[in-house]
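In UniProt numbering, the protein residues as written are 1 to 188.
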């Protein structure tokens with residue numbers, strides 16, 4: 001449970017703890033040059049936002065299919081297929097957290113319980129796999145000491161999905177290295 005002085009302003013994408021700005025996971029990865037320009041393009045960002053929103057409601061069983069933009073229907077159908085083939089119980093969806101020791105924050109897409117796989121978190125992506133995806137999920141896993149299972153769920157517009165688990169233990173120190181670089185730049 002986050003304390004009441006931890007806030008997130010979605011309009012400007014800023015996390016604060018006690019009024020002090022915290023670096024966001026995606027912001028850290030971007031400042032370190034790990035996120036491609038294409039992934040940050042207006043088109044990709046809009047598609048990602050629309051898909052995330054629809055998938056959020058689908059996971060919670062509250063999606064109004066008539067509200068789904070036809071441009072993202074294939075991605076949402078891919079997610080529906082994933083959920084049908086991998087029944088999960090949502091534990092947290094689009095939840096904001098911060099790390100008390102390292103003082104960074106982020107919003108994870110989903111923390112779920114799977115009958116065979118147990119508890120794991122995943123981040124939704126509508127683009128191609130990139131190294132930073134594993135580092136991003138490691139940063140989110142940092143909010144849950146002892147939670148090791150993390151994955152990226154790639155959705156494509158042809159209604160296919162690919163769940164890719166990340167097991168490299170160097171992903172966590174890689175994120176902390178990025179966070180330290182960003183803080184050094186900020187202090188310079």
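Every residue, glycine too, gets a C-beta built ideally from N, C-alpha and C.
Query, Result
"Burial state of residue 150, where buried means 16 or more other Cβ atoms lie within 10 Å", "buried"
"Delimiting residues of the beta strand (DSSP E) encompassing residue 165", "161-165"
"Beta-bridge partners of residue 90, as assigned by DSSP", "112"
"Residue 137 vs residue 99 beta-carbon contact at 8 Å", "no"
"Classification of residue 12 by the beta-carbon crowding that lies within 10 angstroms, buried from 16 upward", "exposed"
"Where residue 133 falls, given that 16 or more other Cβ within 10 Å makes a residue buried", "buried"
"Assumed close pair residue 9, residue 17 - CB separation to whole angstroms, cut-off 8 Å", "Their Cβ separation, rounded to whole angstroms, is 13 Å, which puts residue 9 and residue 17 out of contact at 8 Å."
"Where residue 187 falls: helix, strand or coil (DSSP)", "helix"
"Cβ-Cβ distance between residue 24 and residue 106 below 8 Å", "yes"
"Cβ shell of residue 115 (< 8 Å), same chain only, five flanking positions each side left out", "87"
"Cα-Cα separation between residue 72 and residue 82, rounded to whole angstroms", "16 Å"
"Sheet register partners of residue 16 (DSSP bridge)", "7 and 21"
"Coil, strand or helix - residue 152 by DSSP", "strand"
"Contiguous alpha helix (DSSP H) assignments of at least 4 residues, all confined to the region 32-66", "42-59"
"Reduced DSSP secondary structure (H/G/I, E/B, other) of residue 95", "strand"
"Boundaries (first-last residue) of the beta strand (DSSP E) holding residue 122", "118-125"
"Cβ neighbour criterion (16 or more within 10 Å) applied to residue 43", "exposed"
"Pairwise C-alpha distance: residue 152 and residue 160", "14 Å"
"Same chain, Cβ closer than 8 Å to residue 60, neighbours up to 5 away in sequence not counted", "90 and 93"
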